[in-house]
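Single-structure report; data block below.
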Amino acid sequence: MTITRHFIRVGKRRVHYRKAGAGPTLLMVHQSPRSSAEYEPLMRKWAPHFTCIAPDTPGFGQSDPLPGDPDIEAFSTALIELMDALGIERTAAYGFHSGGIILVGAVKRHPDRFTALATGGYAVWTPEERAIFDKDYLPPFRPSAYGEHLTWLWNRILEQTWFFPWFDVRDGARISVAHDDPARVDAVVREMLDSGDAYRAGYGAVLRAPRDIPPADAPTVPVLIAAYDGDPLQAHIARLGPLPPSWRAEAVATPADLEEASLTHLLAAPALPCPPIAESGDGGFLPVTGNGFDGLIHWQGNRNADTVLIHAPGRSAELLRIEDALAIDLPGHGLSDDWRQDFTPGLDDWCAIVTAAIAGLCGAHAPAIIGEGHCALLAAAVARQAGASGWGAVDAHLPLPGQDRHWAERAIPDLTPDRHGSHLNAAWGAVRAGHFFWPWFEAKAANAIPFTPSAAAPEALAREHRSLIRARAGRALLGTLAAADRDALIAAAPPLTRWHRAEWARKRSDIWSPKNIQEGE
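The end of the sequence shown is residue 521 by UniProt numbering, with every number in the run present.
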């Protein structure tokens with residue numbers, strides 16, 4: 001079952017959502033501090049029954065935050081505004097933890113917009129619990145110069161499966177879902193890095209939320225509140241108090257039981273036709289299929305532009321100065337999907353997927369292809385295959401051909417998650433040193449480069465760090481480009497229209513450039 005991804009403008013905010021399936025709409029709202037990515041397995045299960053639409057709530061995933069210090073009602077209102085923007089008049093809905101709290105508020109205030117709701121847990125906090133949450137649960141999360149925030153974040157996410165609340169390190173606070181699986185911790189850490197300090201707004205609104213269940217005589221829709229064994233919110237079922245006649249609450253044994261009970265409840269709702277679902281036109285995801293790749297390529301910018309920008313290995317489109325250009329995230333980078341797991345792409349495969357993406361976005365229009373860093377070589381290959389008017393490079397700080405293998409081995413760290421999250425610190429060290437030395441992995445006086453303090457500020461480094469840890473295929477791409485025949489690629493390409501290196505790079509004898517070129521911006 002294919003899951004597509006989209007953006008939509010809701011007022012001045014950009015909202016990201018996933019979509020899958022056919023049939024009546026089902027709005028799926030995730031828990032904090034996660035994103036709609038956590039629902040991908042469930043969307044595949046339920047897609048035969050519904051058109052599943054799972055947005056990233058404000059401030060999480062790829063959705064912009066709400067302004068100010070929003071309360072839970074603001075998040076519920078934002079959900080209704082999203083439905084308006086998407087063109088959804090009425091829908092069934094499913095939420096888990098925070099998502100359920102947001103949806104209960106939306107159902108209470110706008111019962112005419114829903115047909116049914118199922119939620120995994122509903123929190124009813126005591127005054128004592130709220131006091132604890134207000135004090136310690138949501139500390140500020142801001143990047144630090146040397147990456148200390150990453151060590152804190154890794155262990156905070158790890159230990160939230162050991163204790164509840166995560167900071168209450170007592171035997172009596174242990175929970176039964178403890179684990180130390182690096183892949184599971186890494187998935188949540190990445191979503192926290194996407195949110196940054198905005199996580200406190202969404203999470204805080206939920207933790208401050210009062211019991212918001214409508215009175216027995218209020219208009220409402222059928223609602224199921226269920227929680228499985230081991231879920232801290234199962235104990236909250238006893239705190240729910242009186243429920244409207246069409247509401248019910250129950251404890252179940254396992255997460256699978258929760259899914260089964262929720263699906264049964266939702267299938268009983270009126271099956272309204274799914275309307276056309278709106279999306280934005282200034283960025284999104286293009287389905288592309290080719291040798292070893294069958295997924296989505298993220299793009300942003302102007303599809304009618306005269307220039308397409310391709311980021312360097314280990315980076316992403318969000319770091320480029322796009323202006324009036326079109327930019328894409330390469331496979332296994334940024335927000336684009338990965339190559340097939342058992343497939344090792346060669347240069348022709350990279351070239352074919354990028355060429356197909358450009359054709360799908362630009363049609364018969366043939367823009368110039370500009371590559372960043374080592375992807376200048378990919379730009380040359382793509383320009384030839386796509387019949388582009390020209391090609392070029394920005395920040396083309398490539399080593400001499402004899403240093404290619406050395407670069408391929410060291411320039412991008414191994415980003416495989418380990419038990420202690422050390423891959424996060426390795427990536428931070430790489431992006432920080434990259435502002436002070438070229439190459440970053442050989443820090444010595446002779447390799448010092450000019451820098452501006454603002455470019456090396458923690459907030460700026462955090463954007464580069466996020467792109468680097470998203471670059472699942474960065475090392476593979478760099479290795480492929482390092483092994484390419486530069487002269488042959490250039491000889492076969494259309495005219496070279498632009499080759500830009502920083503002023504300091506032009507003075508270095510260990511940085512390569514094509515023969516007989518005129519450098520410029």
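Cβ atoms here follow ideal geometry from the backbone N, Cα and C, with glycine treated the same way.
If residue i and residue j are in contact, beta carbons under 8 Å, what's the gap, nearest whole angstrom?
{"i": "residue 97", "j": "residue 61", "result": "Rounded, the Cβ-Cβ distance is 16 Å, inconsistent with contact."}
{"i": "residue 399", "j": "residue 499", "result": "Actually they do not touch by this definition, with Cβ atoms about 16 Å apart."}
{"i": "residue 375", "j": "residue 278", "result": "Residue 375 to residue 278, Cβ: 33 Å. No contact."}
{"i": "residue 9", "j": "residue 280", "result": "5 Å"}
{"i": "residue 449", "j": "residue 407", "result": "Incorrect: roughly 16 Å between the Cβ atoms, too far for contact."}
{"i": "residue 234", "j": "residue 209", "result": "Actually they are not in contact, since the Cβ atoms of residue 234 and residue 209 sit about 18 Å apart, beyond 8 Å."}
{"i": "residue 216", "j": "residue 242", "result": "6 Å"}
{"i": "residue 522", "j": "residue 386", "result": "Any answer about residue 522 is impossible in this case: the structure gives the chain only from 1 up to 521."}
{"i": "residue 296", "j": "residue 336", "result": "6 Å"}
{"i": "residue 13", "j": "residue 64", "result": "4 Å"}
{"i": "residue 21", "j": "residue 50", "result": "5 Å"}
{"i": "residue 354", "j": "residue 378", "result": "7 Å"}
Determine the burial state of residue i: buried for a count of at least 16 other Cβ atoms within 10 Å of its Cβ, exposed for fewer.
{"i": "residue 284", "result": "buried"}
{"i": "residue 521", "result": "Residue confidence is low: residue 521 scores 49 on pLDDT, short of 50, so the model does not pin down where it sits. Its coordinate-derived value is still stated next. It counts as exposed."}
{"i": "residue 179", "result": "exposed"}
{"i": "residue 446", "result": "exposed"}
{"i": "residue 152", "result": "exposed"}
{"i": "residue 259", "result": "buried"}
{"i": "residue 57", "result": "buried"}
{"i": "residue 344", "result": "exposed"}
{"i": "residue 444", "result": "exposed"}
{"i": "residue 25", "result": "buried"}
{"i": "residue 186", "result": "buried"}
{"i": "residue 76", "result": "buried"}
{"i": "residue 122", "result": "buried"}
{"i": "residue 321", "result": "exposed"}
{"i": "residue 36", "result": "buried"}
{"i": "residue 146", "result": "exposed"}
{"i": "residue 108", "result": "buried"}
{"i": "residue 416", "result": "exposed"}
{"i": "residue 83", "result": "buried"}
{"i": "residue 390", "result": "buried"}
{"i": "residue 220", "result": "buried"}
{"i": "residue 501", "result": "buried"}
{"i": "residue 143", "result": "buried"}
{"i": "residue 11", "result": "exposed"}
{"i": "residue 480", "result": "buried"}
{"i": "residue 282", "result": "exposed"}
{"i": "residue 1", "result": "exposed"}
{"i": "residue 570", "result": "What is shown of the chain runs 1 to 521, which leaves residue 570 out entirely."}
Have a look at the DSSP bridge pairing and note the partners of residue i.
{"i": "residue 300", "result": "283 and 327"}
{"i": "residue 250", "result": "226"}
{"i": "residue 72", "result": "Its beta-bridge partners do not exist; DSSP assigns none."}
{"i": "residue 399", "result": "511"}
{"i": "residue 294", "result": "289"}
{"i": "residue 95", "result": "29 and 119"}
{"i": "residue 6", "result": "17"}
{"i": "residue 272", "result": "Bridge partners of residue 272: none, in fact."}
{"i": "residue 496", "result": "391"}
Which of the three DSSP states, helix, strand or coil, is assigned to residue i?
{"i": "residue 27", "result": "strand"}
{"i": "residue 372", "result": "strand"}
{"i": "residue 465", "result": "helix"}
{"i": "residue 437", "result": "strand"}
{"i": "residue 169", "result": "coil"}
{"i": "residue 220", "result": "coil"}
{"i": "residue 177", "result": "coil"}
{"i": "residue 264", "result": "helix"}
{"i": "residue 480", "result": "helix"}
{"i": "residue 521", "result": "Reliability fails at residue 521, whose pLDDT of 49 lies under 50, so the model's placement of it is uncertain and the value that follows must be treated cautiously. Coil at residue 521, not helix or strand."}
{"i": "residue 60", "result": "coil"}
{"i": "residue 309", "result": "strand"}
{"i": "residue 150", "result": "helix"}
{"i": "residue 141", "result": "coil"}
{"i": "residue 47", "result": "coil"}
With a cut-off of 9 Å, does the C-beta of residue i fall near any C-beta of chain E?
{"i": "residue 194", "result": "Given the protein chain composition of this structure (a single chain), no chain E is represented."}
Item checked: At least 3 beta-carbon pairs within less than 8 Å: the stretch 324-333 vs the stretch 295-303 -> yes
Notebook entry, point to check: How do the stretch 404-413 and the stretch 347-358 stand: do at least 3 beta-carbon pairs fall below 8 Å, yes or no?
Noted result: no
Margin query: If contact is defined by three or more beta carbon pairs under 8 Å, each pair taking one atom from either stretch, is the stretch 221-234 in contact with the stretch 94-108?
Written below: Verdict: yes, contact present.
Notebook entry, point to check: With a cut-off of 8 Å, do at least 3 Cβ pairs link the stretch 157-166 to the stretch 425-442?
Noted result: no
Item checked: Three or more C-beta pairs below 8 Å linking the stretch 138-157 and the stretch 421-433 -> Result yes; three or more Cβ-Cβ pairs closer than 8 Å.
Next item on the list: Take every Cβ of the stretch 104-120, pair it with every Cβ of the stretch 37-49, and state whether three or more of those distances are shorter than 8 Å.
Entry: no
Margin query: Counting beta carbon pairs with one atom in the stretch 185-199 and one in the stretch 89-96, are three or more of them shorter than 8 Å?
Written below: no
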